[in-house]
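Enquirer:
Numbering (this note's numbering), first residue to last: 473 to 565.
1. Determine the extent of the alpha helix (DSSP H) in which residue 557 is found, giving its start and end residues.
2. Mind checking which residues open and close the alpha helix (DSSP H) that includes residue 563?
3. In the structure shown, what three-state DSSP assignment does residue 492 receive?
4. When you compare only the Cα positions, how much space is there between residue 546 and residue 559?
5. To the nearest angstrom, how far is the alpha carbon of residue 549 from that of residue 557?
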């Protein structure tokens, strides 16, 4: 007998055991908090920064990856035209 042959009361549903345990304990699914760095919230981004952030956001949406690897970040940077043309230098903080 398939699910389509059953009445609504007889229809079985597959439930992931991890979610089933949570539900049996009365836990509610809570959305993950997004950590915002206050030092970057109030600043004005230049055109290149906005272009990079938009490209990363597009990549994350297309790939379904919330946290891309550094190799993937480099791939996005290269797709924007970035190339190493000078010797590496210290980052001043």
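Ideal Cβ placement from N, Cα and C applies to all residues, glycine included. This structure is a prediction, so every number in the text was calculated from the model and none was measured.
Expert: From the atom records:
1. Here residue 557 belongs to no alpha helix (DSSP H), and DSSP marks it neither H nor E.
2. That residue, residue 563, is in no alpha helix (DSSP H); it is neither H nor E in DSSP.
3. With a pLDDT of 48 at residue 492, under the threshold of 50, the modelled position of that residue is not reliable, and the figure given next carries that caveat. Three-state DSSP puts residue 492 in a helix.
4. 17 Å
5. 14 Å
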